[in-house]
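This report refers to the structure that appears directly beneath it.
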Amino acid sequence: MERSEILKQFEPANENMLNILHALQNNNSQNYLSEEDIKIAANYLNTTYSHIYGVVTYYTMFSLKPRGKYIIRVCNSPVCNMENSTKVIEEIKRFLSIEVGETTDDKRFTLELSECLGRCGKAPGMMINEDVIGNLDNVDFKSIFENYN
Amino acid sequence: MIQEKRITLKNLGKINPESIDDYINVGGYKAFEKTVGRHHIEIIDEMVKSSLRGRGGAGFSAGLKEKFTSEACLRCEQKYLICNADEGEPGTFKDRIIMENDPHLMLEGMLIAAYAIGASKAYIYIRGEYYKSIDRINKAISAAKEKGIIGKNVFGSAFSVDVEVKLGAGSYLCGEELTLLESLEGKRGYPRIKPPYPAEYGLYGKPTLINNVETLATIPTIIEKGSDWYTSLGTENSPGTKIFTISGDVNKPGYYETEMGITLRELIYELAGGIKDGKAFYAAILGGAAGTFVNESVLDTPMGFDTLKEKGAVLGSGAIMVMSEGRSLFDMTNSILEFFKHESCGKCVPCRIGMPQLLHIMENLKNNKIGRIEALDLLLYESEFMAKSSLCPLGQSPILPIKSLKQYFENEF
Ligand SMILES: Cc1cc2nc3c(=O)[nH]c(=O)nc-3n(C[C@H](O)[C@H](O)[C@H](O)COP(=O)(O)O)c2cc1C
Ligand code: SF4
Ligand code: FES
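Chains A and B are the protein sequences, given in the same order. Take 400 as the starting number for the first sequence in the numbering used here and just add one per residue. Take 854 as the starting number for the second sequence in the numbering used here and just add one per residue.
Okay, structure coming up:
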């Protein structure tokens, strides 16, 4: 979608800042906020580039670097940690051959760590974009990642 | 046998959360309709009498907060109501359960509170990762607008109100009410200094009431059944019900809404199916990362804000993380401190420097550079210093788990 089409859905008001940044990032095929995205948001909200830049770098859901089509967020907060999230992270790293924060060569997956995702009843857990997957202690990651192309 | 008592989860599984007609058919929006026909002071009085205490963690009287916000100014052009749906406290997932299963109940609570304080604009600040909740709430708002329940002159009254959803973007600290306001104003999530409190100087400097999802979802039933009914539930100082989210080493982790005053033993052994693999109970962390460790001596203490406080513990968000025998207190503490370090915003020095310092002490203990007793004392000293000098409640939080470790597990940590 054209960026201007996206912006039109929001009033140019401060309280829409994060909603606008989410929408621009979701619209970016590389799942990040490019310089152009930030410039356009600054212009629309009548503020400076640096103000938006500062907001983007504060929040963990926003990225200034291109990312894969699917963002994997593995919870590493206390409950998941107790249920062996460290092992889950190692297995995913090995399976995808990337480190935390990196993107696979085919640009499909980016691996990130997250704080509590509110799924502690099914720890350890993770999200792949909008999907939530719990009880990861004994899963076959191949069969999970196959579903994301 | 202990039973659940459901108020905020009363419709869970019984109605389709995406159907406003289902909600109306079980009596939904009746309390709001009744509300707009009454004087706002009557509503506030009812709320004060109910003694409902905030479910976001601090436990402040919901009615008094409404009263202060309503009295903040006589003729102000704008007041705001904000629903805090940023749920990020580790071990806590009650607000998500309400939003996914009964979004209209929360919305109705918001509308009643907005009327009580005279707010024409309400926001729901919801964490960005809660996609399903966001979707359900958006659908609920659209449906309520279509029926004229949100909008101009609702139910033929003089009251008009608008509700909007605003997304968070991955910051635990933004759940803290003053930081939330900064975030909502489109800024980095750096806390404000209080006072002034939001009732006086909130969003864009206007009087603002901020309440947790569970607090708001309790309001319709209080207005419908009255404060006497509500105070007949729970304990004297903590009336009503509470959703407890139990995780860790239990057979049936999940959410359980019961009357306040239930014991930890009943929650763990009767509702959550006991400890996994037939093991013995070792420890529980009550209230999340910003919570407290307790041992088996607290199993029979009634759960309530004051009863737990007497034991050096907190109720907090209602999170209960259970550890069975064989679990490591060191690992759990380390994980909690890592969490705080990651979520510290860095605005003030004691917290920015203190968080890595606490982890440094843990590291030294792990490498046998210092002993257990010495490590615990150092952690206590450092976290006490942080509690006294940090700018916001996040920097004042590590003292909670650390002090409770000293109290309950001095010889085992
Ligand atoms: C670091 C931090 C994070 C918080 N996160 C939340 C949260 O996610 N949701 C919430 O309702 N309250 C949260 N609170 C508590 C709020 O500051 C505030 O007390 C609460 O929203 C008031 O609502 P209540 O009176 O209905 O409990 C947090 C507090 C702190 C210090
Ligand atoms: S106490 Fe920590 S989180 Fe709070 S303002 Fe200071 S640095 Fe930020
Ligand atoms: S601690 Fe991992 S989902 Fe809550």
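Cβ atoms here follow ideal geometry from the backbone N, Cα and C, with glycine treated the same way.
- Interface residue (Cβ-Cβ distance to chain A less than 8 angstroms): residue 1215/B is not classified as such.
- Counting only Cβ-Cβ distances below 7 angstroms, residue 509/A has no contacts in chain B at all, with the closest Cβ about 14 angstroms away.
- Of the heavy atoms belonging to ligand 1, none sits nearer than 7 angstroms to the Cβ of residue 505/A.
- Across the set 1251/B, 940/B and 1020/B, the C-alpha of 1251/B shows the shortest separation from the C-alpha of residue 1229/B.
- Spanning the alpha carbons of residue 867/B and residue 945/B requires a straight line of approximately 23 angstroms.
- At least one beta carbon of chain B lies nearer than 8 angstroms to the beta carbon of residue 518/A.
- Checking the DSSP bridge columns, you'll see residue 1197/B has no partner listed.
- Per DSSP, the continuous beta strand (DSSP E) segment holding residue 934/B begins and ends at 933–938.
- Within the same chain, 1165 come within 6 angstroms of residue 1260/B by CB-CB distance, once the 5 residues on both sides are set aside.
- Within its own chain, the residues whose Cβ lies closer than 6 angstroms to the Cβ of residue 1033/B, once the five positions on either side in sequence are excluded, are 978 and 1027, listed in chain order.
- The beta carbon of residue 429/A is closer than 7 angstroms to those of 465 and 466 in its chain, skipping five residues each way along the sequence.
- Here the distance from the Cβ of residue 1254/B to the nearest heavy atom of ligand 3 is not below 7 angstroms.
- Here the distance from the Cβ of residue 998/B to the nearest heavy atom of ligand 2 is not below 7 angstroms.
- Counting C-beta pairs with one atom in each stretch, the stretch 1036–1054 of chain B and the stretch 999–1013 of chain B have fewer than three that are closer than 8 angstroms, which means they do not touch.
- With 6 angstroms as the limit, the residues whose C-beta approaches a heavy atom of ligand 2 more closely than that are 1026/B, 1044/B, 1197/B, 1198/B, 1199/B, 1200/B, 1201/B, 1204/B, 1205/B, 1243/B, 1244/B, 1245/B, 1247/B and 1248/B, in chain order.
- For the stretch 927–1008 of chain B, the full-length alpha helix (DSSP H) segments reaching 4 residues or more read 947–954, 956–970 and 984–999 along the chain.
- Looking only at 1146/B, 1101/B and 914/B, the smallest Cα-Cα distance to residue 1127/B is reached by 1101/B.
- For residue 920/B, the enclosing alpha helix (DSSP H) covers residues 915–924.
- Residue 1146/B is not a Cβ neighbour of residue 1247/B, given a cutoff of 8 angstroms.
- In the structure shown, residue 1136/B adopts extended strand secondary structure according to DSSP, grouped into three states.
- In the DSSP assignment, residue 862/B falls outside any beta strand (DSSP E) and carries neither an H nor an E.
- When secondary structure is reduced to three states using DSSP, residue 1064/B falls in the strand class.
- Cβ proximity to chain A below 9 angstroms picks out 1017, 1018, 1019, 1020, 1021, 1022 and 1023 from the stretch 1011–1023 of chain B.
- The three-state secondary structure of residue 1192/B, taken from DSSP, is helix.
- Distances from the CA of residue 1037/B to each of 995/B, 947/B and 938/B were compared; the closest alpha carbon is that of 938/B.
- For residue 1017/B, same chain residues with a beta-carbon under 6 angstroms away, outside a window of 5 residues either side, are 976 in chain order.
- Within the stretch 1186–1206 of chain B, 1188, 1189, 1192, 1195 and 1196 place their CB atoms closer than 7 angstroms to a CB of chain A, listed in sequence order.
- At a beta-carbon threshold of 7 angstroms, the residues of chain B lying near residue 413/A are 1038 and 1039, ordered along the chain.
- Between residue 1015/B and the set 1065/B, 1180/B, 963/B and 1057/B, the nearest pair of CA atoms involves 963/B.
- At a beta-carbon threshold of 9 angstroms, the residues of chain A lying near residue 1025/B are 514 and 515, ordered along the chain.
- Around the Cβ of residue 890/B, a 10 Å sphere holds fewer than 16 other Cβ atoms; the residue is exposed.
- Taking CB atoms only, residue 525/A has no neighbour in chain B less than 8 angstroms away.
- Using a Cβ-Cβ distance cut-off of 8 angstroms, the stretch 1136–1146 of chain B and the stretch 1185–1196 of chain B are in contact, since at least three pairs of beta carbons, one from each stretch, lie closer than that value.
- Distances from the CA of residue 1200/B to each of 1043/B, 918/B and 896/B were compared; the closest alpha carbon is that of 1043/B.
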